[in-house]
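Data block below; observations after.
Chains as they are written, first to last, in the numbering used here: chain A, 2 to 603; chain B, 1358 to 1835.
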């Protein structure tokens, strides 16, 4: 028992924190800190790669192995988990919340370390159950509906997976990650779709994404950090495993499947972005942003060229970093302000400077600007799509990137820029936990943005066996057949532009220092209390442009499906009329049917 | 080792002695009700572990079979005996302190007698007698609550049940006429090679009777009303005791006597219809007990469906899946229904105020019925999907998966309400709480390490499948 101990220790730490939270505030904080330290110590010192482990269950043995892919994603989850625990220190929650938090982490790590399809399924289900429990302890919104939506979407996906697992077993004789021989392409595509479905749900691919905005909105704010940055990677991991190990041949040979999946990803990216900039709530905006960014990941993975796949995986790491910092800073703001409504925020730049920097760098990364971590993945993805020759797809993804600018600006403007509201005069910077987590997140945003080679090297390690491609990167540059970028150069160029505009501002001499509350509107003088911050109907004109598009709703479709089921159940319910005379007639008719069945033999 | 005939004899004796015991001390009937199933359990487990893998014939009245009535004890019967009496202990223990009316205890013991008798007997008419004892005591138990829903359910059950039992008897008569014997093994022997048409008709008549008790479509129409109206412990009895004894008889008789593709096909269709209709009906329910009742019916349908697949794939895994599902369902439903005592009267699916302990118990029971990983039900579900895939009927495979999704939906709908309601702390019956905890620990422990259930189940099924030995030993006991 080596690596599994990580999960077991996490579960133990969960119980410890549960009892700590039950007793005293100090003990709660102390046990959370122990949890963070313990997880990190174990992860740094005791994780043993490429070791098979089993949990024997008598008739079945769950098998685990920390392969290079598992290790890569496990580290993302560990980092997201420990960083999200820092803000958690400041939140007062029910003791069970902490227990479920650690349980979710423990089962997520077991899922990533799973070495066969059934083990993966079992731990994946437990992860979903733990998340469901956490969602039931949510803090806002319609909690029952949100939690039920989440678990039902997850379970439906998981049941399809179970079906796919059995069919795969039937054709290949094993439940491992290996491929299937001697089956038609159509069967392979069908099995792939069944197996991949729960992972599509997990990364909120449209049209299975409806659980995500509500879940992110409802959940406690520090959990949302772990939820978006960490737990969604379980979904990415599942897809990577299926595509690299089980269905690599299918993706390489088939012409349509990669295109379809890439387009699904692209549409998710675009629509997610649109819903994001139409949102008036900070958490919902970030939720859609997360969905949109994971759409890019799916484009990369789905297209299945060496560059696009590497780009997809890299961008999922970027997603962890910048969504992490975005959710952390927004959580800090919500903690201080008590609201997540963007229309009621404004001008917090002076009050919460570190949060501002964090959010700013986060949205710069989300927009894919060098030298942040958001750039290499996106650049490589564009290169890959162009190399494949798919100009429509590249236009779609480009369009989606524009929406990233739009929602990024809305976010930073509504919260930090513009006029400060009167009731927020005494707001302080976010508490220490949030600030420390923000600062820690900022390090990889820049470091891996400038030196993406570090990560690409790991990705190359596990993608080369499948794609057999050459090295396309160095420490700080990327090179493809059609392009080349040296990131420090791009970073310096950006800095130079910034410096240029700053110098221009300094020497222009026409600026005048005004107080944050000093404002004007159309020639009228307004006093300090007048809410003149531009935050209402921020992209109102967009609603006219995109209005019809936004009426399309996957949720309405799924609700319709549910209604069909319920209608059918109303129909079958009427068989049980309640009148015993009808029941006796059923018996008689049934008997007559039976007699007819044997009639031929008499 | 103790002679299993004592199981039947003592139950009957104490049932008759109950009024006297009630006069002696008001708590005495309850203790007797607890001790008897416990004793039966001890006898059954003892035999299960120590007996050779050869069925044992217990003669009664000094006559050897096939002339005399005999009990046929093999591991398959012992397995069900253990299950039924474990549930009996569960019910007796949970309600030990509460029920003081000795009339309930008489009925309970008679019910247990009927169930144990069905499981132990080797004689066909005897099976009818015990079936009637089971049925009539169930009618009375169902109607023991003096309120309209319960009485309504009981009357409907009485009417349908009586008709069904009459047809079962008719079937028995026909078989007697054709084969000249009433011994199950002997009938199986005589009918092994050539079945005349009238035998099929007899089989159909007997199935009608059994379908009523096993809650199969379209003869289960009484069941939702009974589950909704009766006391919770009676609902436990129906879901985990009565229907399990009846399904034992169904399996035994079908496999031994009517081992014919026509019967398996019929069971397949009936099982599938039961499962589909019941699970969809559960979706439409507002009343929580009625929903659980439909879920019970659905699981019985699924078990019969699994059993019937043996006819298609001839693989013992079908029996394994069916019996594992039966075990899981008996325990999980007992947990769910008994737990209803901790919830408010007439609980609907929109429960508002909840007791944390009862929420947890409901969650564990529901997760096991759904077959969530790390509960016993998960292994049952895996087995069922496995045999479904063996049949190569992909449509059926995906239909069952679809219904599983429906099941998950209506259970999680309730779980969401349970864990989000206002917390209320009700006074719990300590013995009931203890029994609930024991069952929930069993379900989760077996979810992690099912080897215990699996090994016992395998032993039981080897006995069932060894038809030749059963017939030769019991019929040839001359």
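Where a beta carbon is used, it is the ideal one built from N, C-alpha and C, also for glycine.
Taking 8 angstroms as the cut-off, the Cβ atoms of residue 70 of chain A and residue 44 of chain A do not count as close. In the structure shown, the three-state DSSP call for residue 140 of chain A is coil. Collapsing the DSSP output to three states places residue 56 of chain A in a strand. Residue 1570 of chain B and residue 26 of chain A have their C-alpha atoms some 57 angstroms from each other. Look at residue 1765 of chain B here: in three-state DSSP terms it is helix. By the criterion of a C-beta distance shorter than 7 angstroms, residue 281 of chain A is surrounded in its chain by 342, 343 and 344, once the five residues flanking it on both sides are discounted. With 16 or more other Cβ atoms inside 10 Å of its own Cβ, residue 1690 of chain B counts as buried.
Within chain B, not a single residue places a beta-carbon under 8 angstroms from that of residue 198 of chain A; the smallest gap is close to 12 angstroms. A straight line joining the alpha-carbon of residue 449 of chain A with that of residue 1685 of chain B spans about 52 angstroms. When C-beta atoms of the segment 1769-1777 of chain B are compared with those of the segment 1695-1711 of chain B, three or more pairs fall below 8 angstroms, so the two segments count as touching. Membership of residue 1415 of chain B in the beta strand (DSSP E) is indicated by the continuous run 1413-1416. Cβ neighbours of residue 387 of chain A within its own chain (closer than 6 angstroms, five residues either side excluded): 395.
Each of A:99, A:245 and A:248 was checked against the Cα of residue 137 of chain A, and the nearest Cα belongs to A:99. Contacts with chain A at 8 angstroms (Cβ-Cβ) include residue 1808 of chain B. The C-beta of residue 1640 of chain B comes closer than 8 angstroms to at least one C-beta of chain A. Counting every other CB atom within 10 Å of its CB across the protein chains shown gives residue 1626 of chain B a total below 16, marking it as exposed. Of A:194, A:381, A:340 and A:163, the smallest CA-CA separation from residue 1758 of chain B is found for A:163.
For residue 1428 of chain B, there is no enclosing alpha helix (DSSP H); the enclosing beta strand (DSSP E) covers residues 1427-1430. Straight across, the Cα-Cα distance linking residue 426 of chain A with residue 412 of chain A is about 20 angstroms.
Contact annotation, residue 31 of chain A with residue 103 of chain A: C-beta distance approximately 15 angstroms; criterion of less than 8 angstroms not satisfied. Ranked by how close their Cα comes to the Cα of residue 1631 of chain B, the residues B:1529, B:1832 and B:1573 have B:1573 in first place.
Per DSSP, the unbroken beta strand (DSSP E) holding residue 66 of chain A starts and ends at 62-66. Neighbours of residue 576 of chain A in chain B, taken as residues whose beta carbon is under 7 angstroms from its own, are 1634 in chain order. Per DSSP, residue 1534 of chain B has no beta-bridge partner at all.
Proximity of chain A to residue 1512 of chain B at the Cβ level (cut-off 9 angstroms) is accounted for by 581, in chain order. Chain-order list of chain B residues neighbouring residue 58 of chain A: 1805, 1806, 1807 and 1808, by C-beta distance under 8 angstroms. For the segment 87-171 of chain A, the continuous alpha helix (DSSP H) assignments of 4+ residues that do not extend past its boundaries occur at 96-114 and 118-137, in sequence order. Between residue 129 of chain A and residue 1826 of chain B, the alpha-carbon positions lie close to 49 angstroms from each other. Any Cβ of chain A closer than 8 angstroms to the Cβ of residue 1518 of chain B would place that residue at the interface, and such an atom is absent. Taking all protein chains in view, the Cβ of residue 303 of chain A is crowded by 16 or more other Cβ atoms within 10 Å, so the residue is classified as buried. Contact between the segment 1374-1384 of chain B and the segment 1452-1464 of chain B is present, with at least three C-beta pairs closer than 8 angstroms. In the structure shown, residue 200 of chain A adopts helical secondary structure according to DSSP, grouped into three states. Taking 8 angstroms as the cut-off, the Cβ atoms of residue 158 of chain A and residue 198 of chain A count as close.
Nearest in C-alpha terms to residue 467 of chain A, of all of A:241, A:500, A:379 and A:366, is A:241.
In the three-state reduction of the DSSP assignment, residue 24 of chain A falls in the helix class, which pools H, G and I. Unbroken beta strand (DSSP E) runs of no fewer than 3 residues, entirely contained in the segment 333-397 of chain A, are not found.
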